[in-house]
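K.L.:
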Amino acid sequence: MKMTDIPFGTTDWETVERTEHKGETGIAYWRTRHFGGIRVRMVEYTPGYLADHWCSKGHILFCLEGELHTELEDGRRFLLAAGMSYQVADGAEPHKSFTAAGAKLFIVD
Numbered sequence: 001m002k003m004t005d006i007p008f009g010t011t012d013w014e015t016v017e018r019t020e021h022k023g024e025t026g027i028a029y030w031r032t033r034h035f036g037g038i039r040v041r042m043v044e045y046t047p048g049y050l051a052d053h054w055c056s057k058g059h060i061l062f063c064l065e066g067e068l069h070t071e072l073e074d075g076r077r078f079l080l081a082a083g084m085s086y087q088v089a090d091g092a093e094p095h096k097s098f099t100a101a102g103a104k105l106f107i108v109d
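Position one of the sequence shown corresponds to residue 1 (UniProt numbering), numbered consecutively onward.
1. Buried or exposed: where does H53 fall if 16 or more other Cβ atoms within 10 Å of its Cβ makes it buried?
2. Which whole runs of the beta strand (DSSP E) in the segment 21 to 57 are 3 residues long or more, in chain order?
3. Following a CB-centred definition, is H95 positioned closer than 7 Å to any heavy atom of the ligand COA?
4. Spatial neighbours of S97 within its chain, please: C-beta separation below 7 Å, excluding the five flanking residues on both sides.
5. Three-state secondary structure (DSSP) at E14?
6. Is it buried or exposed, M42, if we count other Cβ atoms within 10 angstroms and call 16 or more buried?
7. What are the residues that DSSP puts in a beta bridge with T99?
8. Run the CB neighbour count on E14, radius 10 Å, all protein chains shown included, and call it buried at 16 or more, exposed below.
9. Just how far apart, CA to CA, sit D90 and T4?
10. So L64 and H95 are supposed to be a Cβ contact under 8 Å. How far apart are they, rounded?
11. For Y49, tell me which candidate among T99, V108, L105 has the shortest Cα-Cα distance.
What follows is the structure, encoded as structure tokens:
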């Protein structure tokens, strides 16, 4: 990732518009900023959220609160608890996430 032409700034995430994205079950609420070609999001998943697709986008994801279960298309499964992160490249390993109790994430992609 090359970061260029981004002046110093701060983000008060509570002031960023929240958008709703329905999963197969549950809802994801995104607060999104764009810095050149980089998307930065604060994402909250409601309890019982299950993604409605396999995602092939690369991310760096940090779990702030709750737990996130992520399954790779090849069947491997991973648990992310608060304070943990994962990273995956674009097109590398399709993944799909679920949370039983809800989760709050910081995502850069």
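All C-beta atoms, glycine included, are put in the ideal place defined by N, C-alpha and C.
P.N.:
Looking at the atomic coordinates:
1. On the sequence shown, residue 53 is found 53 positions in, with the first residue counted as 1. Around the beta carbon of H53, fewer than 16 other beta carbons sit within 10 angstroms, so the residue counts as exposed.
2. Runs of beta strand (DSSP E) with 3 or more residues, each lying fully within the segment 21 to 57, are found at 27 to 35, 38 to 45, listed in chain order.
3. The ligand COA is not part of this structure, which contains no ligands at all.
4. Numbered from 1 along the sequence shown, position 97 holds the residue referred to as residue 97. For S97, where only same-chain residues beyond five positions count, the Cβ hits under 7 Å are A51, L68, H69, T70.
5. Here residue 14 is taken as the residue at index 14 of the sequence shown, counted from 1. Secondary structure at E14: helix, using DSSP grouped into helix, strand and coil.
6. On the sequence shown, position 42 is the one that residue 42 refers to. By the 10 Å Cβ count, M42 comes out buried.
7. On the sequence shown, position 99 is the one that residue 99 refers to. DSSP links T99 through a beta bridge to Y49.
8. Locating residue 14 in the sequence shown gives position 14, where the first residue counts as 1. Exposed.
9. Residue 90 sits at position 90 when you count from the first residue of the sequence shown. Residue 4 sits at position 4 when you count from the first residue of the sequence shown. In this structure, the straight-line span from the alpha carbon of D90 to that of T4 is close to 20 Å.
10. Walking along the sequence shown from the start, residue 64 turns up at place 64. Walking along the sequence shown from the start, residue 95 turns up at place 95. Contact flag wrong, Cβ pair sits at about 19 Å.
11. As a working note, residue 49 is residue 49 in the sequence shown. Cα-wise, what sits closest to Y49 is T99.
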